[in-house]
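Enquirer: Its first residue numbered 7, the sequence shown is counted upward by one per residue in the numbering used here.
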Amino acid sequence: VMLHRAILGSLERFIGILIENHGGKMPTWLAPQQAVLLNITDRQADFCKKAAESLENQGFRVDLDLRNEKIGYKIRQHTLARVPYLLVVGDREVEEGAVAVRTREGEDLGSMPLDAFAKRLATAIAERG
């Protein structure tokens, strides 16, 4: 049996070209993490877990960052990781059942209900954006 490694080399080259072409900012539909939920304090952890579960059940790739770090540090870290959407959750968002949405470019989209964000994310994925 002979294994040909050219197929793997082609795949590696393709991924390299894709990363280079997008400057590491993978399109939302292709990004390993499409969104990350960030809590400000431990009081929002339960809401973040429920929101992440809801988004995952809708087929989105979502991560949780519940570490006890300053929110600015977490935002910077995930922005550098080029996660398309950062969902910040504070006391006000928990009361409203919403998330404060930021893009990886630093654009603040404001607070929106979780369902509205899910529709926005689904649209971005459908448009291959």
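From the three backbone atoms N, C-alpha and C, an ideal C-beta is built for every residue, glycine too.
Source: prediction; values computed, not measured.
Please determine, among 54, 44, 65 and 56, the residue with the shortest C-alpha to C-alpha distance to residue 79.
Expert: Residue 79 has its Cα closest to that of 44, out of 54, 44, 65 and 56.
Enquirer: Mind checking residue 38: buried by the 16 CB within 10 Å criterion, or exposed?
Expert: Counting Cβ neighbours within 10 Å, residue 38 comes out exposed, since fewer than 16 surround it.
Enquirer: Going by C-alpha distance, which of 94, 131, 34 and 112 is nearest residue 119?
Expert: Of 94, 131, 34 and 112, the residue nearest in Cα terms is 94.
Enquirer: Could you tell me which whole alpha helix (DSSP H) segments of length 4 or greater appear in the region 47-80?
Expert: Counting whole runs of 4 or more residues, the region 47-80 contains the alpha helix (DSSP H) stretches 51-63.
Enquirer: With 16 other CB atoms within 10 Å as the buried threshold, where does residue 123 fall?
Expert: Residue 123 should be labelled buried.
Enquirer: Which stretch, first to last residue, makes up the alpha helix (DSSP H) that contains residue 98?
Expert: Its alpha helix (DSSP H) spans residues 97-102.
Enquirer: State yes or no: is the C-beta of residue 107 within less than 8 Å of the C-beta of residue 116?
Expert: Contact: yes.
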